[in-house]
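No gaps in the numbering here: position 32 of the sequence shown is 22 in the working numbering, and each next residue is one more. Read through the structure below, which is laid out as structure tokens, and then see the notes.
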Amino acid sequence: MCYASKHLKELKKNLENIQNLKEELSKKQSQYDQLLSEKYHELEVKNFNAAEGYYLAKGLQAIVQERRIIKNELAKLNSLSNTLNIDQLLTKVEKSDKNICRLRNRNTTYIKNFSKESLSLVQ
């Protein structure tokens, strides 16, 4: 494998990992939104004393804090994704990979008689 192909493969993998992580965090944020909604509903309809109210508030606080962590990470990944324009960048990576393959195929006629030592320089 040539250097360019190797780096393109790694770049594509990293870009796809960013997209997958964004999707995963978005799903987690939705789950926390649902938990938050359930907690709000519980607070709305339930009669509770001071001790129960304290525990309800602590439960709500835990949900909100965990959601905030996910939301902050998602905001960072969205910023990265938007700055790099990952969808467009992935398209460019695919196009570059096709160009490299085309060059590699075109150059095989030239290098088929090269020595193994010469070919080992890029492997």
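C-beta atoms are modelled at their ideal positions from N, C-alpha and C, and glycine is treated no differently. These numbers were taken from a predicted model, which means no experiment stands behind them.
1. Under 8 Å by Cβ, that's how I've got L11 and L67 pegged, so tell me the actual separation to the nearest angstrom.
2. The alpha helix (DSSP H) that contains E18, what's its start and end?
3. Going by Cα to Cα distance, which pick from I90, I8, Q21 is closest to K(-4)?
4. Return the first residue and the last residue of the alpha helix (DSSP H) that K61 is part of.
5. In chain order, what residues of the same chain lie with their CB nearer than 7 Å to the CB of I8, ignoring the 5 residues before and after it?
6. Helix, strand or coil for K88, going by three-state DSSP, please let me know.
7. Nearest CA to the CA of L25: which residue from I53, K48, G43?
8. Relative to the alpha-carbon of R58, which residue among S16, K2, E0 has its alpha-carbon at the smallest distance?
9. Is the distance from the Cβ of Q19 to the Cβ of K61 below 8 Å?
10. Once the 5 residues before and after E56 are set aside, which same chain residues still bring their CB inside 7 Å of it?
Taking the coordinates as given:
1. 6 Å
2. Rather than Glu, the amino acid found at residue 18 in this sequence is Lys. Run containing K18: -7 to 35, per the alpha helix (DSSP H) assignment.
3. I90
4. 40 to 74
5. L67, L70, S71, I76
6. helix
7. I53
8. S16
9. yes
10. Y22
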